[in-house]
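Numbering (this note's numbering), first residue to last: 3 to 510. Don't be surprised by glycine CBs; every beta carbon is placed ideally from N, CA and C. These notes concern the structure reproduced below.
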Amino acid sequence: MYSYLYSAVIHGVKAEIVRVEVDISRGLPGFNIVGLAGKTVRESAKRVRSAIINSGFEWPVKKITVNLAPGNINKYGSHFDLAIAAVLLECSGQIKIKNKNKKFFAGELNLNGNINHVKGVLSMLLAAQENNFKEAVLPAQNKKESFLVKNLSSYLIKHLRDVDNLEDNQENILITPKTEIKPAVDYTDLSDIRGQKNAKKAIITAAAGGHNLLLIGPPGCGKTVLAESIVQLLAPLDKKELLETASIYSINNNLEELNLVKKRRPFVAPHHSITAAALIGGGHIPVPGEISLAHNGVLFLDELPEFKSSVLANLREPLEKKRIKIVRQQGSYYFPADFQFIAAMNPCPCGFSGVKDRSCKCSERDIVRYQQKLSGPLKDRIDLQIEVLPLEKDEILTTPPTAKDQNYTDKIEIARKMQAERYLNSNLKNNSELLLKDIEKYCQLDQKSQKILNQAYQRLKLSVRGYIRLMRVARTIADLNNNDLIKESDLIEAVDFRWYAEKSEMLL
3 MYSYLYSAVI HGVKAEIVRV EVDISRGLPG FNIVGLAGKT VRESAKRVRS AIINSGFEWP
63 VKKITVNLAP GNINKYGSHF DLAIAAVLLE CSGQIKIKNK NKKFFAGELN LNGNINHVKG
123 VLSMLLAAQE NNFKEAVLPA QNKKESFLVK NLSSYLIKHL RDVDNLEDNQ ENILITPKTE
183 IKPAVDYTDL SDIRGQKNAK KAIITAAAGG HNLLLIGPPG CGKTVLAESI VQLLAPLDKK
243 ELLETASIYS INNNLEELNL VKKRRPFVAP HHSITAAALI GGGHIPVPGE ISLAHNGVLF
303 LDELPEFKSS VLANLREPLE KKRIKIVRQQ GSYYFPADFQ FIAAMNPCPC GFSGVKDRSC
363 KCSERDIVRY QQKLSGPLKD RIDLQIEVLP LEKDEILTTP PTAKDQNYTD KIEIARKMQA
423 ERYLNSNLKN NSELLLKDIE KYCQLDQKSQ KILNQAYQRL KLSVRGYIRL MRVARTIADL
483 NNNDLIKESD LIEAVDFRWY AEKSEMLL
C-alpha cells in the first residue's frame with residue numbers, strides 16, 4: 003500500500019515543497035524514514051506512533067517506509083509530524099483525505115495527538131501558493147500566519163483526529179482573519195520631540211531619501227528617541243514587502259513584534275553585547291539574524307563604539323549587497339538584509355567631550371581610541387553624520403505647541419513620488435543608492451549652486467566619496483522642496499549637514 007501528501011522544508015528564508023511518501027508492506031515490523039532526514043525528523047517516528055495510538059487509531063504492525071522527496075535536500079524540523087501521521091493513516095485506510103494533490107500539511111504532534119505551533123509556516127504557505135496548492139492543514143496556533151496568505155484556504159486543527167474528513171468539519175475553515183490581528187506598540191512622533199531642529203531635519207532627510215544616519219552627542223540629548231521617530235516617517239510596507247518581512251519573523255517565531263495593522267517597517271535595536279552570529283544569522287542550521295529582521299526597515303545600533311569591531315565588520319557586505327551569505331557544510335544560505343542603517347554614539351567614553359558647561363574626564367588618547375572604533379569602510383557607508391547637542395533650559399521647560407510640525411510628512415511624500423518617477427526605468431529605489439555616474443545624470447545644478455559646490459569642495463576638501471555623499475543628500479533636500487534642479491538653498495543645507503560630518507570625521 004502506497005500513499006503521499008505534501009509538506010515543506012525551510013532553506014534560508016524560503017521553503018521548498020517536500021513530498022511525504024509512505025509505503026506499508028509485508029515484512030518485519032519497523033518504521034524507517036529516508037530522504038536525507040535530520041535528527042529532528044527521525045525523532046518523529048516515536049511521536050507519530052504514540053499520537054496515532056492515543057488518538058484512537060490503530061498502528062499498522064507492518065514494515066513502514068517513509069520517504070521525503072526530493073532526496074537531495076536536507077530535511078529538518080518537527081513540522082513533518084502531521085504530514086507523516088496523516089499519510090500513514092490514509093495509506094492504512096483509517097481516514098479519507100480528499101484532493102490531496104492540492105493540500106499542504108505542517109504541524110508538530112504531542113504524544114496524545116494534540117498539534118503544536120511550528121515556526122516558519124508563512125514561508126511554507128508562500129511556497130505552497132507558488133506551487134498552486136489550494137488548501138493548507140495547520141495547527142490552530144498558526145492562525146496569524148494563515149491570515150496573511152489570502153489565496154490559500156486553511157484548516158486550523160487542534161488534534162490529529164480532526165484530520166479525518168476535513169471538508170465535513172466546516173468549523174476548522176478560516177474565513178475572517180482580520181479581527182484576530184492585534185496592533186503592536188507604535189513609536190514616538192517626531193513632532194513630540196522638543197528642540198533638536200537640526201537633528202529633526204536630518205531625520206526627515208534620511209526618511210525621504212533612505213540615507214544611513216549617524217547621531218553623535220552626549221548622553222540624554224535624545225539620540226535614541228530621534229532614531230525611533232523615523233519609523234512613522236517611512237512609507238508603510240507594501241504587500242510584497244510585508245510578506246517578505248513577516249516570513250522572516252515567522253521563521254524566528256516572533257511575528258507578534260511586527261505592526262501588521264499599520265504595516266509599520268520593523269525597527270530592530272540589538273544590544274551592543276550581541277555576537278556576530280546573532281547579528282548576521284548563523285547556527286548549525288542557519289537562521290536569520292538581527293539584520294534580516296530589519297529587512298525592509300531600520301537597524302539601529304546605539305552606543306556604536308561599544309560593539310565589537312569584528313561584529314561591526316560584518317555589516318559591510320549587507321550594507322553593500324543588501325543580503326548576507328552564510329556558508330555551511332550542507333550548503334550556502336542567503337538571507338535578505340535590505341535595511342536603513344541608523345547609529346548613535348557619544349563623542350568620547352564619558353560622553354561629554356566638547357559639551358558646554360560639562361567637564362570631560364577623558365584624555366585625548368582615550369577620545370581618539372574611542373572614535374577610531376568606527377572603521378573607515380563602515381563610516382563611508384553613512385551619508386549623514388549629525389552632531390546632536392544637549393537641550394537648553396527653555397527647550398526643556400517650555401511646553402511646545404500642540405499642533406504638529408506643519409508639512410514635513412507632505413514633503414516626504416512628495417520626495418518619494420519624485421524619486422519613484424525619476425528612477426522608474428532604472429535599478430535605483432531612492433537617492434541613497436546614487437553612484438558617481440548616476441549623480442552626473444540625476445543631480446543637475448543651476449549656476450548659483452555650481453558656485454556653492456566649488457566653494458564647498460575647496461573648504462571641505464571633499465574626496466570622491468565625500469562628494470557623492472554630499473550630492474546624494476542635496477538631491478533629497480531638493481526633492482523635499484519639490485525642485486527638479488538642485489538649487490542654491492538645497493545645496494547650502496546639504497553643505498551644512500556636511501560641516502557636522504566633517505567635524506565628526508576629524509575626530510574619527
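{"Item": "Which of helix, strand or coil DSSP assigns to residue 498", "Value": "helix"}
{"Item": "Residue 249 to residue 125 span [Cα, whole Å]", "Value": "5 angstroms"}
{"Item": "Residue 290 - partner residues in DSSP beta bridges", "Value": "283"}
{"Item": "Option in 259, 268 and 218 with minimal Cα separation from residue 230", "Value": "268"}
{"Item": "Unbroken alpha helix (DSSP H) run spanning residue 452, endpoints", "Value": "449-462"}
{"Item": "Delimiting residues of the beta strand (DSSP E) encompassing residue 160", "Value": "Segment: none, residue 160 is in no beta strand (DSSP E) and carries neither H nor E."}
{"Item": "Buried versus exposed call for residue 440 [16 or more other C-beta atoms within 10 Å across all chains shown]", "Value": "buried"}
{"Item": "Residue 236 (DSSP reduced to helix, strand or coil)", "Value": "coil"}
{"Item": "C-alpha gap between residue 75 and residue 51, whole angstroms", "Value": "25 angstroms"}
{"Item": "Identity of the residue in 351, 384, 357 and 383 nearest residue 370 by Cα", "Value": "351"}
{"Item": "Cut-off 7 angstroms between Cβ atoms - residues of its own chain near residue 178, not counting five sequence neighbours on either side", "Value": "Caution applies to residue 178, whose pLDDT of 41 falls short of 50 and renders its modelled position unreliable; the value that the coordinates give is listed next. Correct list: empty, nothing qualifies."}
{"Item": "Among 27, 214 and 140, nearest to residue 90 - alpha-carbon criterion", "Value": "27"}
{"Item": "Other residues of its chain near residue 330: CB distance less than 7 angstroms, five sequence neighbours each side excluded", "Value": "288"}
{"Item": "Own chain, CB closer than 7 angstroms to residue 293, minus 5 neighbours either side, in chain order", "Value": "281, 282, 301, 320, 326, 339 and 341"}
{"Item": "Terminal residues of the beta strand (DSSP E) in which residue 169 lies", "Value": "No beta strand (DSSP E) holds residue 169; DSSP gives it neither H nor E."}
{"Item": "Straight-line gap, residue 85 to residue 16 (C-alpha atoms, nearest Å)", "Value": "19 angstroms"}
{"Item": "Helix, strand or coil at residue 270 [DSSP, three-state]", "Value": "strand"}
{"Item": "Pairwise C-alpha distance: residue 490 and residue 277", "Value": "46 angstroms"}
{"Item": "Contact the segment 135-142 vs the segment 40-57: 3+ CB pairs below 8 angstroms", "Value": "no"}
{"Item": "Alpha-carbon to alpha-carbon, residue 240 and residue 263", "Value": "12 angstroms"}
{"Item": "Buried/exposed call for residue 315, threshold 16 Cβ in 10 Å", "Value": "exposed"}
{"Item": "Backbone secondary structure at residue 481 - three-state DSSP", "Value": "helix"}
{"Item": "Short Cβ contact (8 angstroms threshold) for residue 279 with residue 236", "Value": "no"}
{"Item": "Among 349, 129, 376 and 29, the one whose alpha carbon lies nearest that of residue 20", "Value": "129"}
{"Item": "Three-state secondary structure (DSSP) of residue 252", "Value": "helix"}
{"Item": "Sequence ranges, alpha helix (DSSP H) only - wholly within the segment 360-401, length at least 4", "Value": "366-373, 378-381 and 395-399"}
{"Item": "Beta-bridge pairing of residue 12 - partner residues as DSSP gives them", "Value": "17"}
{"Item": "Backbone secondary structure at residue 305 - three-state DSSP", "Value": "coil"}
{"Item": "Exposure label - residue 198; buried when at least 16 CB within 10 Å", "Value": "buried"}
{"Item": "C-alpha gap between residue 109 and residue 373, whole angstroms", "Value": "50 angstroms"}
{"Item": "Rounded straight-line distance, which links the Cα of residue 362 to that of residue 243", "Value": "46 angstroms"}
{"Item": "Start-end ranges of the alpha helix (DSSP H) lying completely within the segment 54-109, minimum 4 residues", "Value": "83-93"}
{"Item": "Given residue 449 as reference, the closest of 482, 157 and 487 once Cα atoms are compared", "Value": "487"}
{"Item": "For residue 300: DSSP bridge partner residues", "Value": "269 and 342"}
{"Item": "Reduced DSSP secondary structure (H/G/I, E/B, other) of residue 327", "Value": "strand"}
{"Item": "Neighbour-count burial assignment, residue 506, 16 or more Cβ in a 10 Å radius", "Value": "Bear in mind that a pLDDT of 47 at residue 506, under 50, signals an unreliable position, so the model cannot answer this."}
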